[in-house]
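The sequence shown runs contiguously to residue 522 in the numbering used here. Beta carbons are placed, not taken as given, at the ideal position from N, Cα and C, and that holds for glycine. Read through the structure below, which is laid out as structure tokens, and then see the notes.
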Amino acid sequence: MKLNIKDTFNIELPADPIMENSRRQVKEACYSFVTPRKTSKAQMLHVSQEMLKKIGLSVSDSTSDSFLKVFTGNEVLPNTKPYAMCYGGHQFGNWAGQLGDGRAINLCEVQHNEERWALQLKGAGETPYSRTADGLAVLRSSIREYLCSEAMYHLGVPTTRALSLAITGDQVLRDIMYDGNPAYEKGAIVCRTSPTFIRFGNFEIFAARGDSKNLKKLADYTIEHFFPHLGKPSKETYLQFFEEVSERNLKMVIDWQRVGFVHGVMNTDNMSILGLTIDYGPYGWLEGYDFGWTPNTTDSQYKRYKFGSQPDIVLWNLYQLANALYPIIEETKGLETILAEYRASYTKQYLHMMRSKLGLSGIADTDVLLIKDLEESLHLTETDMTIFFRNLGNFKMGKPSQGFKIVSDAFYIRTEVTDSLKRAWDKWFERYANRLQQELLSETERKKKMNQVNPKYVLRNYMAQLAIDDADKGDYTMIDELFNLLRKPYDEQPENQKWFAKRPEWARHKVGCSMLSCSS
Ligand code: AMP
Ligand code: MG
Numbered sequence: 003m004k005l006n007i008k009d010t011f012n013i014e015l016p017a018d019p020i021m022e023n024s025r026r027q028v029k030e031a032c033y034s035f036v037t038p039r040k041t042s043k044a045q046m047l048h049v050s051q052e053m054l055k056k057i058g059l060s061v062s063d064s065t066s067d068s069f070l071k072v073f074t075g076n077e078v079l080p081n082t083k084p085y086a087m088c089y090g091g092h093q094f095g096n097w098a099g100q101l102g103d104g105r106a107i108n109l110c111e112v113q114h115n116e117e118r119w120a121l122q123l124k125g126a127g128e129t130p131y132s133r134t135a136d137g138l139a140v141l142r143s144s145i146r147e148y149l150c151s152e153a154m155y156h157l158g159v160p161t162t163r164a165l166s167l168a169i170t171g172d173q174v175l176r177d178i179m180y181d182g183n184p185a186y187e188k189g190a191i192v193c194r195t196s197p198t199f200i201r202f203g204n205f206e207i208f209a210a211r212g213d214s215k216n217l218k219k220l221a222d223y224t225i226e227h228f229f230p231h232l233g234k235p236s237k238e239t240y241l242q243f244f245e246e247v248s249e250r251n252l253k254m255v256i257d258w259q260r261v262g263f264v265h266g267v268m269n270t271d272n273m274s275i276l277g278l279t280i281d282y283g284p285y286g287w288l289e290g291y292d293f294g295w296t297p298n299t300t301d302s303q304y305k306r307y308k309f310g311s312q313p314d315i316v317l318w319n320l321y322q323l324a325n326a327l328y329p330i331i332e333e334t335k336g337l338e339t340i341l342a343e344y345r346a347s348y349t350k351q352y353l354h355m356m357r358s359k360l361g362l363s364g365i366a367d368t369d370v371l372l373i374k375d376l377e378e379s380l381h382l383t384e385t386d387m388t389i390f391f392r393n394l395g396n397f398k399m400g401k402p403s404q405g406f407k408i409v410s411d412a413f414y415i416r417t418e419v420t421d422s423l424k425r426a427w428d429k430w431f432e433r434y435a436n437r438l439q440q441e442l443l444s445e446t447e448r449k450k451k452m453n454q455v456n457p458k459y460v461l462r463n464y465m466a467q468l469a470i471d472d473a474d475k476g477d478y479t480m481i482d483e484l485f486n487l488l489r490k491p492y493d494e495q496p497e498n499q500k501w502f503a504k505r506p507e508w509a510r511h512k513v514g515c516s517m518l519s520c521s522s
């Protein structure tokens, strides 16, 4: 196994001088060196062939003993020095102080085909940042992260990715619903990949500690390696950097709204500086279209991170980043302008995205209302988002009265679909048909375009749970089945039609399907 290792983070940035793996506050450093812990009996369950290629490895590498050892933390690659990153964060609206990689260990950075990848093990044991927890990850959460990050990539949503999924052979104790019923679960490790895992929180921790010197070092490093087009660091460059981070995160959240992804824990330590979806925890996929939905039971009281709030939360998080960068910019006006711009851009881009879901290429004044009324109608009764938009592609503008029938598979409880509801839909389809008359595309072309933004297959919450239930019993075939299905989420896959279906009723209130906690 030969990787082209090109470490920068743990070479160019200041390290914690203490080498001991004890929990502590780490000051004036970006990371601490730490060795992954050995596992009892590691077994590789799945490897992403695409990621393998991306880092310059072959299929035969992935079946080697050394691959298994390295990506389960049992062997450290020669000339590398694994490390855990130091960051802080605002959790659920409050400054939480130092957090850091409590159960993530970066192995190294690899360069291949002009791309750079940091390889990071999640669940490979404790670090100086583990606080009160064990540094481990359980199989269910690891399957969820592994499948979802790759699925998001294929949906065209900016995301970190995953190289491999393994079980450790160790048992991990978790109280899933935090109700005093802890139980042992299988331990697992995902190797995740990203150009960098730097988060908003990496900047916040230095700002909170008044350490402008290291804040600047981190900003300069980030710009040099990941925003090189911005040029030599200066106050002006830091502003441009902030602007680009803002734009990238906006793009990411618009994509979430497009496909119905709810992150669940949008704390600032879970916000990537590259605008990538990061830290797949109690995330979920919309089944019923509902702005008020969150899968995270830990957030069920205030629903801070519900579907409809995600774009505002990105903005809230950008405010925290702006505050963190202020000491090296020393001027608020530029930052404020960028933050104001986010809101305006959001409205524009959201509208553009919703138009694309409806197959509207042109622009009409009535679009805003047409979309608002659609969103309201989608909330009238539980309506499956994925099925609704995918089937909408079959709408014929000459036959508005058939619209209701075309999307009717999306309604969860048919008896609830009363006459008045049907009338509301009929009216909306009339307006939609009229609007489509103004479009230039043919019906076939419109459907083709709609199918490129309205996925047919997403990782519905119960699907991941089915793969988890099987895996708990030692059967890993469904992981592979879902992995392959989700590689082509926009394609018709007649052999996989069974996954283009509403959530079964048994999954409605099942833990792991609609209810997830931060326990992972
Ligand atoms: P999260 O909500 O998963 O993003 O985690 C918030 C913080 O808790 C991060 O600093 C994580 O590294 C840490 N953390 C979460 N789970 C564990 C664990 N099992 N062991 C150690 N640290 C953890
Ligand atoms: Mg996190």
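Count the other CB atoms within 10 Å of the CB of residue 80; is the residue buried (16 or more) or exposed (fewer)? Residue 80 counts as exposed, since fewer than 16 other beta carbons sit within 10 angstroms of its beta carbon.
inquiry  = Could you check whether residue 388 and residue 189 sit closer than 8 Å to each other, using their CB atoms as the reference points?
reply    = Taking 8 Å as the Cβ cut-off, residue 189 and residue 388 do not qualify as a contacting pair.
- Should residue 228 and residue 217 be called a contact, given that it needs their Cβ atoms to be closer than 8 Å? Not in contact: residue 228 and residue 217 (Cβ atoms no closer than 8 Å).
Heavy atom of the ligand MG within 7 Å of residue 482 beta-carbon: It does not: the Cβ of residue 482 is nowhere closer than 7 Å to a heavy atom of the ligand MG.
Check your understanding: Excluding five sequence neighbours on each side, which residues of the same chain lie with their C-beta closer than 6 Å to the C-beta of residue 87?
Key -> Hits under 6 Å: 33, 103.
> Can you find a heavy atom of the ligand MG that lies under 7 Å from the Cβ of residue 271?
Replying inline: At least one heavy atom of the ligand MG is nearer than 7 Å to the Cβ of residue 271, so yes.
Discussion item. What would DSSP say about residue 275, mapped onto helix, strand or coil?
Written reply: In the structure shown, residue 275 falls within a coil segment according to DSSP collapsed to helix, strand and coil.
Practice problem: Can you give me the start and stop residues for the alpha helix (DSSP H) that residue 119 sits inside? | Solution: Careful: residue 119 lies outside any alpha helix (DSSP H), inside the beta strand (DSSP E) at 117-124.
(message) Please report the distance separating the alpha-carbon of residue 467 from that of residue 142.
(response) Answer to the nearest angstrom: the Cα atoms are 8 Å apart.
* Asked: If we ignore side chains and look at the alpha-carbon of each, how far apart do residue 139 and residue 159 end up?
  -> If you take the alpha carbons of residue 139 and residue 159, they lie about 25 Å apart.
Integer-rounded CB distance, given that residue 428 should sit under 8 Å from residue 406: Sure, about 6 Å apart at Cβ, within 8 Å.
(request) Mark residue 371 as exposed unless 16 or more other C-beta atoms lie within 10 angstroms of its C-beta, in which case mark it buried. (result) By the 10 Å Cβ count, residue 371 comes out exposed.
Could you give the DSSP three-state label for residue 169: helix, strand or coil? Note: residue 169 maps to strand in three-state DSSP.
Task: Beta-carbon separation (whole angstroms), residue 145 vs residue 509, contact threshold 8 Å - done: That belief does not hold up - the Cβ atoms of residue 145 and residue 509 are roughly 16 Å apart, past 8 Å.
Would you call the segment 193-203 and the segment 159-173 touching, i.e. three or more CB-CB distances under 8 Å?
They touch, by the three-pair rule.
Alpha carbon of residue 306 to alpha carbon of residue 94, nearest angstrom: Taking the straight line from one Cα to the other gives about 7 Å.
Kindly examine the ligand MG and report whether one of its heavy atoms sits closer than 7 Å to the Cβ of residue 367. Result no, Cβ not under 7 Å from the ligand MG.
Original post:
Terminal residues of the continuous beta strand (DSSP E) containing residue 96?
Top reply: Segment 96-100, the beta strand (DSSP E) holding residue 96.
If you run the structure through DSSP and keep just helix, strand and coil, what is residue 195? It is a strand residue.
beta-carbon residue 175 near the ligand AMP non-hydrogen atom, thresh 7 Å
At a threshold of 7 Å, residue 175 does not count as near the ligand AMP, since its beta carbon sits no closer than that to any of the ligand's heavy atoms.
Indicate whether the contact test is met: 3 or more Cβ pairs, each with one atom in the segment 424-444 and one in the segment 249-256, closer than 8 Å. As far as the Cβ criterion goes, the segment 424-444 does not touch the segment 249-256, which means the pair count is below three.
field: One or two residues paired with residue 189 in a DSSP bridge
entry: Answer by DSSP bridge pairing, in chain order: 140.
TODO: Quick one: measure Cβ to Cβ for residue 23 and residue 128, integer angstroms, because I've assumed they're closer than 8 Å.
DONE: Contact check for residue 23 and residue 128: beta-carbon distance about 7 Å, within the 8 Å limit, so the pair qualifies.
Check: Just reading off the alpha helix (DSSP H) that residue 324 is part of, what are its end residues?
Finding: Start and end: 312-331.
Check: Thinking C-beta only, is residue 203 closer than 8 Å to residue 270?
Finding: Annotated as proximal: residue 270 and residue 203, with beta-carbon spacing under 8 Å.
(message) For residue 370, list the residues DSSP reports as bridge partners.
(response) DSSP lists no partner for residue 370.
Notebook entry, point to check: Thinking just about the alpha-carbon of each residue, which of 235, 250, 309, 344 is nearest to the one in residue 331?
Noted result: Nearest C-alpha to residue 331: 235.
| task | Flag residue 281 as yes when its Cβ comes closer than 7 Å to any non-hydrogen atom of the ligand MG, and as no otherwise. | result | True, at least one ligand heavy atom lies under 7 Å from that Cβ.
Notebook entry, point to check: In chain order, what residues of the same chain have a beta carbon less than 7 Å from the beta carbon of residue 200, not counting five sequence neighbours either side?
Noted result: Once the five neighbours on either side are set aside, the close Cβ partners of residue 200 are 224, 275.
task: Within 10 angstroms of the Cβ of residue 122, are there 16 or more other Cβ atoms? Answer buried if so, exposed if not.
output: Buried, since its Cβ has 16 or more Cβ neighbours within 10 Å.
Beta-carbon proximity of residue 1 to residue 266, cut-off 8 Å
Because the chain here runs from 3 to 522, residue 1 falls outside it and cannot be looked at.
Cross-strand partners of residue 355 (DSSP beta bridge)
DSSP output for residue 355 lists no bridge partner at all.
| request: Could you tell me whether the segment 289-300 touches the segment 366-385, where touching means 3 or more Cβ pairs closer than 8 Å? | output: Short answer: they touch.
Q | Three-state class that DSSP yields for residue 260 in the structure shown | A | Here DSSP, grouped into helix, strand and coil, assigns residue 260 to helix.
For residue 222 and chain D, any beta-carbon pair shorter than 8 Å?
Considering every chain present, this structure includes no chain D. It has just one protein chain.
Q. CB residue 65 to CB residue 44, shorter than 8 Å?
A. Taking 8 Å as the Cβ cut-off, residue 65 and residue 44 do not qualify as a contacting pair.
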